[in-house]
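Quick note on numbering: numbering that gives the first Met the number 0 labels position 235 of the sequence shown as 234, and the sequence is numbered without any gaps. Ideal Cβ placement from N, Cα and C applies to all residues, glycine included. Nothing here was measured: the structure is a model prediction, and the numbers come from that model.
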Amino acid sequence: MTDQDPALDPRITSSPLYGEDLAPIPPGDRTWSMWNMAAIWVGMAVCIPTYLLASYMMTAGLSWIAALVIIGLANLIITAPMVLNGHAGVKYGIPFPVVGRSSFGTIGIHVPSIVRAVVACGWFGIQTWIGGLAFYEIYRTLFFAGAIDPIGLVPGKFIGFGLFWLLNIYFIWKGPESIKWLETFAAPILIAIGVVLIGWGAVEAGGFGNVLEKSYQLQTPTGQIVQNDDGLALRITPLVDTNDQPKAAEYRTAFNNSSIDNVAWFPIPDADIPLGVSPTSVVFNDIVKGDAGVQLQVRSAPLPTDGRYYSSIVTAVIASPPVKGQDWRTYLFWLTGMVGFWATMSLSISDITRYAKNQRDQVVGQFVGLPGAMMLYSFVGIFVTAAAIVNFGDIIIGEDAPWDPVTLLGKFDNPATVIIAQIFMIIATLSTNIAANVIAPANAFANLNPRKISFRAGGVITGIIGIAICPWWLLDEISSVLLIISGMLGPILGIMLCDYFVIRKKYLKVNDLYLPEGMYAFGGMGINWNAMIALAVGVASALAGWYIESISILYQAAWFTGFAISFVLYYFLMRPNVSPVSSV
């Protein structure tokens, strides 16, 4: 048996652990090039969540440069273990559930693979709902242009959801080669769209440099309460236009327990506005502690065509100290979150790398595709949103900035522009959904019963679960739960990398991966309890900081904490049990 062309024992074809879709791919059938590997990452990375990533950091006070550096660094960090974990896929042509049998056992692997599958199924449902809404918007643009968009779950949205679901199932049914075609087709289109959006922003908002100069407005809250010698005062910072003129002219306020609707409007002064709150009052103390604030709304000067632009109502709270370079916990918090963005893919990457021609193609392809695409489209999100707040007159406060591209598209009146943009949304969402949210769970479900569940069947199961979670009802709740689960996957990756590179020195007995009585059955039970212990301790350590304030740093760096602890513990638990002879 060679590394590149393992001779399979005839017994494994009748093994309950063997299935055609989980079998090693022969070297001659591994056709994905460096460009294919890069393209699949472009297809996955270009999605609404990527577009929104920088917004979370900028609204928290970080500059666009700091946000972009964190995104770039985080993706370089996660690409390194991604490439390492993809090594076995290239070398042996086997998917994640089979690679994981060496560390967790032939039965134990179901725990991490199903956790991975659950996360993917949830995101599949969410992304399918988003893609369906793009179909719905095309339908409305063609047949009901100018009509008021009905609120709620109208039948048209479910029809769009069904159409996009069927489109996903089509590519699932056609198999991996169709997925390769989709990603290769989508990548240049998505890159071109990003360049076009940047060009639009530069032309419409007064130039490339002007847009970036105005981006600071996205970091600053419209209203902040400041404390000075005279007590508490309200500082109002509306957006400015291309000529640096304020876009809002008047304001009104009310304390949180009062209605703002009938309050009079006043001109916005250049100086801070005293709130007239007694330092001995309960309200004063609540505001200083951050437990209370002031409702604020602003509006523009009268328009030439009559009427005004009104902002949404925001809550001004006591001003937080600016984010400083030495505030390393803030940067660590965001870095951990950005690393966790692709934590699920770092586990199951061998599902994709098993199709790569060689290690060089998967290494270079991933390092070019993932960090590059993430930084490009995060920058597109920053730049286009900054251009929008300058270009669109009805956006007069930073909180109303159209970070969501769907919201941005709604500001265009040209039906052709809207339809083309929604087609782009469909391509972007489809390419992300298939590669990131279908391949891994399809293989995970197939691994439950390889002889009866194929990749196609596993993909359909994924699609059915995606419907069952009812993403149209639970979109926000599911997103938060899935992100928490995703953050718990660092320990699994730590165990897998330690097992493959440190314990087994990159050598696996491929036949034993498919035999119930092989060495990866760990005594016949099929469970490596050392891996389970390391997993439990790693997850518990990472989450402990959530409950114990004194060690909150462990939770703030949850992915790194879980990865490191599980890696080290697994090494010490396994080292006495695996000899160099038995590991090859």
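Between residue 97 and residue 562, the alpha-carbon positions lie close to 21 Å from each other. The continuous stretches of beta strand (DSSP E) do not include residue 527, and DSSP gives it neither H nor E.
Judged by DSSP secondary structure, residue 95 falls within the alpha helix (DSSP H) whose first and last residues are 95-98. Only buried fits residue 29, as 16 or more other CB atoms lie within 10 angstroms of its CB. Here DSSP, grouped into helix, strand and coil, assigns residue 141 to helix.
By the neighbour-count definition (other C-beta atoms within 10 Å, threshold 16), residue 153 is an exposed residue. The beta-bridge partner set that DSSP reports for residue 226 consists of 231. The continuous stretches of beta strand (DSSP E) do not include residue 559, which lies in the alpha helix (DSSP H) extending over residues 557-573. Ranked by Cα distance from residue 444, the options 433, 457, 41 are led by 457.
Boundaries cannot be given for residue 450, as no alpha helix (DSSP H) includes it and DSSP labels it neither H nor E.
Annotation: residue 426 to residue 400 spans about 25 Å, alpha carbon to alpha carbon. Bridge pairing for residue 31: 355 [DSSP].
Apart from the 5 residues on each side of it in sequence, residue 37 sits with its Cβ closer than 7 Å to the Cβ of 364, 367, 368 in its chain, given in chain order. Residue 494 is positioned such that its CB atom lies closer than 8 Å to that of residue 530.
Assigned with DSSP and collapsed to three states, residue 216 falls in helix. Taking C-beta separations shorter than 6 Å and ignoring five residues to either side along the sequence, the partners of residue 511 in its chain run 517, 518, 519, following chain order. Annotation: residue 89 to residue 33 spans about 12 Å, alpha carbon to alpha carbon. Under the DSSP assignment, residue 157 falls in the alpha helix (DSSP H) whose first and last residues are 154-173.
Per DSSP, the continuous alpha helix (DSSP H) segment holding residue 423 begins and ends at 414-436. Boundaries of the alpha helix (DSSP H) harbouring residue 281: 281-288, taken from the DSSP string.
Contact between residue 167 and residue 429 holds, with the beta-carbon distance rounding to 7 Å and staying under 8 Å. Membership of residue 315 in the beta strand (DSSP E) is indicated by the continuous run 313-317. The DSSP-derived three-state label of residue 126 is helix. Taken through DSSP and simplified to helix, strand or coil, residue 367 comes out as helix.
In this structure, residue 172 sits near residue 455, with a CB-CB distance shorter than 8 Å.
A distance below 8 Å separates the beta carbons of residue 54 and residue 402. For residue 378 and residue 68, the gap between their C-alpha atoms comes out near 10 Å. Between residue 316 and residue 292, the beta carbon gap of about 4 Å places them in contact (Cβ cut-off 8 Å). Beta-bridge analysis with DSSP links residue 252 to 295. Straight across, the Cα-Cα distance linking residue 490 with residue 16 is about 25 Å.
Counting other Cβ atoms within 10 Å of its Cβ, residue 101 reaches 16 or more and is therefore classed as buried. In the displayed model, residue 266 falls within a strand according to three-state DSSP.
Following the DSSP letters along the chain, one finds residue 84 inside the alpha helix (DSSP H) bounded by residues 63-84. Between residue 450 and residue 18, the beta carbon gap of about 6 Å places them in contact (Cβ cut-off 8 Å).
In the structure shown, residue 491 adopts helical secondary structure according to DSSP, grouped into three states. In this structure, the alpha-carbon of residue 210 lies about 8 Å from that of residue 200.
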